[in-house]
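The numbering used here puts the first residue of the sequence shown at 1108, with every later residue one more than the last. Here's the structure we're looking at; comments come further down.
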Amino acid sequence: MAILWRGAGALVLAAGLFAAGWTVNGWRKGAEIAELTAARAQADLADANTALSDLKEAGVRIRQSADDYLVIKSDLGAKMDAIRKDLKNAKPLPVDCRPDDVRVRNLSSAVDAAKQAAAAR
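Quick look at the structure:
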């Protein structure tokens, strides 16, 4: 009977040691997981700060492009007004006026160049 109690005691002692080891290992792994989580949070913070900085730079570029557009638009508006005025005040051509071949070719070349420039944009 003493051997049975010794065996049971050894079994209880082994189970207690196993449970203690399991608990200590859980604490150690929990600390490792906490360290990894903190490192990942720092990396996420750095990524978010980089994204915000990129967004600010893009906003500045967009704003600059919009300002440039407004300047170009106002310049074009003044030029278009001048062209309209010139066309309105232009003398009409005589009824029998016909352009010669050289002028027609030059006009066609200018139209083709304008079409190519528009297509390139």
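Yeah, the Cβ is synthetic: ideal placement off N, Cα and C, and Gly gets one too.
Collapsed DSSP secondary structure at residue i in the structure displayed
i, result
"V1178", "helix"
"R1205", "coil"
"R1222", "Here the sequence assigns Lys to residue 1222, which means Arg is not the residue at that position. In the structure shown, K1222 sits in a helix (DSSP, three-state: H, G or I)."
"K1136", "helix"
"L1214", "helix"
"A1173", "helix"
"L1200", "coil"
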